[in-house]
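Numbering-wise, our numbering comes out as the position in the sequence shown, counting from 1, plus 3. The C-beta atom is built at its ideal place from N, Cα and C for all residues, glycine as well.
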Amino acid sequence: MDLGLGLQGDVVVVTGAGGQIGQVIVEAFLSAGCLVGGFDIDKSKFIKQHWNLFWVAVDTTDEVGMTAAWKSVEERFNATPTICVCAAAVDLSFVEHHSSITKMPTKTPKSKGKNISLIIIGSEAGDFGVAGNPDYAASKAAVQFGLVLSLAPDAARVHPLARVNSISPGAVDTERFRAECTEDRSGTLKWIESEATVAQKKAVDVEGIAKMCLVLASEKWSPSITGQNVRLNGGKSGKFFWNQNGDALW
């Protein structure tokens, strides 16, 4: 039994690649032997350099810009990306919609292909909701459930081996989260977000998210996993809304 990921030489596009989670995802795919196109709107984040890494400055809300960016990756690596990881954590509910993917023209695959996968990074907000911020939670739930479940059969219609999944992390142990916990004068943020209702009593490891992306991208490891949302939250079972005095915790 071959337990390798089988991702060597595959072309991957990672959006939000300059972010604290995106950078680690890029590193993971490079370590797996992939050719990576890193998309981000902020050029100042293009720090890491690697022969197999191609940075592209692009606004992911710009359909024309994204089409051009995708083509530039094809030209750089002389191959079409078969894996796309959407790691940008931004609310796009206010943006004018792109053309429906189900109505876009499709081309008959030239080859059987392998590791054809779309992985969307969602949020626990879509699983548990966010008191005081329902629009954000609704947008996440729409993506990691409604969109993923709808795209899974559409993708298979284009290519029978294509898979679509999402990951919804809990509070992630990034520099930003640690800074927010340090700045929290009440001293309860860390406990509320990553300990009180979390079985493992800790924030999610960033590398754990990246490794799950590798598993979902690999046809060898997840050939029949599609239309699924993976909760990567250390066993989180919910959120706290009130303290013992009846005061709101948000």
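{"query": "Using only the alpha-carbon positions, how far apart do Trp245 and Ala134 sit?", "result": "11 angstroms"}
{"query": "Which whole-angstrom value is the C-beta distance of Ala31 and Cys216, which I expect to be below 8 angstroms?", "result": "6 angstroms"}
{"query": "Judging by CA-CA distance, which residue of Asp13, Gly22, Phe42 is the nearest neighbour of Leu33?", "result": "Asp13"}
{"query": "Measuring alpha carbon to alpha carbon, tell me which of Asp187, Ala174, Gly249 ends up nearest Gly241.", "result": "Ala174"}
{"query": "Can you tell which of Cys87, Lys48, Gly7, Thr177 has its C-alpha closest to the C-alpha of Ile24?", "result": "Thr177"}
{"query": "Answer yes or no: do Val233 and Asn136 have a C-beta to C-beta separation smaller than 8 angstroms?", "result": "no"}
{"query": "Which of the three DSSP states, helix, strand or coil, is assigned to Asp43?", "result": "strand"}
{"query": "Thinking just about the alpha-carbon of each residue, which of Thr185, Leu10, Arg181 is nearest to the one in Thr85?", "result": "Leu10"}
{"query": "Check whether the Cβ atoms of Gly237 and Ser171 lie closer than 8 angstroms to each other.", "result": "no"}
{"query": "Could you tell me the alpha carbon to alpha carbon distance between Ser153 and Leu192, rounded to whole angstroms?", "result": "35 angstroms"}
{"query": "Beta carbon of Gln147, beta carbon of Ile123: below 8 angstroms?", "result": "yes"}
{"query": "Among the residues of its own chain, which have a CB less than 7 angstroms from the CB of Lys204, if the five just before and after it don't count?", "result": "Glu198"}
{"query": "Comparing C-alpha positions only, which one of Asp62, Leu56, Leu6, Thr64 sits nearest to Glu77?", "result": "Leu56"}
{"query": "Which residue's Cα is closest to the Cα of Lys51: Thr64, Ala20, Phe180?", "result": "Ala20"}
{"query": "Looking only at its own chain, which residues have a Cβ that is under 8 angstroms from the Cβ of Cys37, when we skip the five neighbours before and after it?", "result": "Leu10, Gln11, Gly12, Asp13, Val14, Val15, Asn55, Ile86"}
{"query": "Going by DSSP, which residues form a beta bridge with Leu235?", "result": "Pro172"}
{"query": "What does the alpha-carbon distance come out to for the pair Asp157 and Leu252?", "result": "41 angstroms"}
{"query": "One question on the structure: do Lys223 and Gly7 come within less than 8 angstroms of each other, judged by their Cβ atoms?", "result": "yes"}
{"query": "With C-beta atoms as the reference, is Phe243 less than 8 angstroms away from Ala206?", "result": "no"}
{"query": "Thinking Ala72 and Phe42 are a contact (beta carbons under 8 angstroms), I'd like their distance in whole angstroms, please.", "result": "6 angstroms"}
{"query": "Should Thr185 go down as buried or exposed, given a rule of 16 or more other Cβ atoms within 10 Å for buried?", "result": "exposed"}
{"query": "From Ser189, Ser142, Val39, pick the residue whose C-alpha is nearest to that of Thr18; which is it?", "result": "Val39"}
{"query": "Using C-beta distances below 7 angstroms, list every residue in its chain close to Ala145, excluding the 5 sequence neighbours before and after it, in chain order.", "result": "none"}
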